[in-house]
Amino acid sequence: MSLKAAEINKDSLSLQQNAGRVTFVGTGLQLAGQVSVLSKSYIENADLVFSLVPDGFTERWLVSLNPNHRSLQPYYAQKDEVKNRRDTYSQMVEAILEQVRSGLNVVVALYGHPGVFACVSHLSIKQARQEGHHAQMLPGISAEACLWADLGIDPGTSGHQSYEATQFMLYQHIPNPKTHLLLWQIALAGEHTLTEFSTTSERLEILVEHLSQWYPLAHEVIIYEAANFPHLKPRIERFNLSQLPYVELSTISTLLIPPSEKLALNVDILKRLGIEAGDIG
Ligand SMILES: C[S@@+](CC[C@H](N)C(=O)[O-])C[C@H]1O[C@@H](n2cnc3c(N)ncnc32)[C@H](O)[C@@H]1O
């Protein structure tokens with residue numbers, strides 16, 4: 238038996254008999270066009286597809302691929318209900334696991350990349366594997382992937398940092414003004430109760446004051462919203478950092494703060510490598 242076959246055998250022994258399967262796939266940001274060929278095939282061949290996607294059109298497209306479909310949307314707070322998003326996420330995990338436990342081949346289609354700033358996939362996969370089921374994640378096109386494409390920026394030019402906006406505020410993250418800084422869920426910045434779906438100008442003023450330790454208030458920043466439909470354009474709104482508290486934000490807004498300083502050579506390393514500063518392009 239080859240080493241690979243032996244490994245597969247060992248893997249299947251550790252799986253429960255009649256183990257279910259769960260595969261998380263990403264549908265990208267744009268209706269029907271940003272799903273990988275492999276992910277689409279998983280959707281088509283699943284016993285049951287759960288989904289969390291931005292709009293009804295994407296949901297209907299998923300149903301056209303596989304009519305055995307259930308939306309995870311109803312687990313979010315409805316109308317005036319006050320519900321902690323942690324409860325929402327654990328109910329979603331439980332709904333998925335219930336079907337996996339019954340031995341089904343379950344696919345969960347999440348918009349964007351299923352594992353980028355998305356806890357339901359990671360929690361479900363961990364739980365499913367602990368229970369002896371087969372669980373995996375396939376990559377998808379994230380909001381960040383669309384942002385670099387739409388803004389024409391190569392993040393490799395200066396490097397970049399990426400944080401969830403509230404985590405950035407609540408923890409001691411140090412931004413590097415020589416790289417790009419992405420703040421996800423900017424519309425929820427400072428909303429620590431996990432029950433509201435928007436933030437306030439006052440909280441954003443605190444964020445701006447915090448950021449002003451590293452960036453001038455007049456520094457140009459960008460609110461980016463990828464288009465969910467092929468006939469629409471992305472929202473790319475440029476303004477000064479100081480204006481952030483007064484700009485319209487939505488749950489799909491991502492804040493990009495471009496570098497405010499030039500890269501600086503590390504003269505100590507250059508010296509140790511025997512490189513002259515003038516030799517660096
Ligand atoms: C919970 S995260 C989900 C990210 C998703 N898994 C992905 O791969 O893009 C939600 C955040 O993603 C970003 N996002 C989602 N949709 C977006 C869009 N259409 N354009 C720009 N950013 C978006 C926003 O920062 C939003 O607050």
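Okay, so the sequence shown: first residue is 238 according to the working numbering, each after it adds one. C-beta atoms are modelled at their ideal positions from N, C-alpha and C, and glycine is treated no differently.
inquiry  = Buried or exposed for Y483, going by 16 or more other Cβ atoms inside 10 Å?
reply    = On the sequence shown, residue 483 is found 246 positions in, with the first residue counted as 1. Exposure of Y483 is indicated by the presence of fewer than 16 other C-beta atoms within 10 angstroms of its C-beta.
inquiry  = Taking 8 Å as the cut-off, does the stretch 498 to 511 touch the stretch 419 to 426 (at least 3 CB pairs, one atom from each stretch)?
reply    = Cβ pair count under 8 Å is below three, so no.
ask   = What is the DSSP secondary structure of M238, counted as helix, strand or coil?
value = Within the sequence shown, numbered from 1, the residue matching residue 238 stands at position 1. Bear in mind that a pLDDT of 41 at M238, under 50, signals an unreliable position, so the model cannot answer this.
query = Where do the ends of the beta strand (DSSP E) carrying N305 lie?
reply = The residue you call residue 305 lines up with position 68 of the sequence shown. Run containing N305: none; DSSP gives neither H nor E here.
key: Proximity test, W421 beta-carbon vs ligand 1 heavy atom, cut-off 8 Å   = Within the sequence shown, numbered from 1, the residue matching residue 421 stands at position 184. True, at least one ligand heavy atom lies under 8 Å from that Cβ.
ask   = Quick one: is E439 buried, meaning 16 or more other Cβ sit within 10 Å of its Cβ, or exposed?
value = Position 202 of the sequence shown, counted from the first residue, corresponds to residue 439. Burial call: exposed.
query = Got a sec: does ligand 1 put a non-hydrogen atom nearer than 8 Å to the Cβ of Y408?
reply = In the sequence shown, counting from the first residue as 1, residue 408 sits at position 171. Not so, every heavy atom of ligand 1 lies at least 8 Å from the Cβ.
task = Compute the beta-carbon to beta-carbon distance between N477 and E462, rounded to the nearest angstrom, for a pair I have assumed lies under 8 Å.
result = As a working mapping, residue 477 is identified with position 240 in the sequence shown. As a working mapping, residue 462 is identified with position 225 in the sequence shown. N477 to E462, Cβ: 19 Å. No contact.
request  = Check the C-beta distance from S361 over to V259 and give it rounded, since I have them as a contact under 8 Å.
outcome  = For the purposes of this step, residue 361 is identified with residue 124 of the sequence shown, where counting begins at 1. For the purposes of this step, residue 259 is identified with residue 22 of the sequence shown, where counting begins at 1. Cβ atoms of S361 and V259 come within 8 Å of each other, at about 6 Å.
ask   = Hey, out of I411, P453 and H397, whose CA is closest to H417's CA?
value = Taking the first residue of the sequence shown as position 1, residue 417 is located at position 180. The shortest CA-to-CA distance from H417 to any of I411, P453 and H397 is the one to H397.
query = For S399, which residues does DSSP report across the bridge?
reply = The residue given as residue 399 occupies position 162 in the sequence shown. According to DSSP, S399 bridges with L419.
task = Let me know the secondary structure DSSP gives F294 once reduced to three states.
result = As a position in the sequence shown, residue 294 is number 57, starting the count at 1. Correct three-state label for F294: helix.
request  = Within 10 angstroms of the Cβ of G191, are there 16 or more other Cβ atoms? Answer buried if so, exposed if not.
outcome  = Only positions 238 to 518 of the chain appear in this structure, which leaves residue 191 out of reach.
request  = Tell me whether V343 sits in a helix, a strand or coil according to DSSP, three-state version.
outcome  = Position 106 of the sequence shown, counted from the start, is the residue given in the question as residue 343. It is a strand residue.
request  = Identify the continuous alpha helix (DSSP H) that holds L448 and give its terminal residues.
outcome  = Counting from 1 along the sequence shown, the entry for residue 448 is found at position 211. Counting along the chain, the unbroken alpha helix (DSSP H) around L448 starts and ends at S438 to L448.
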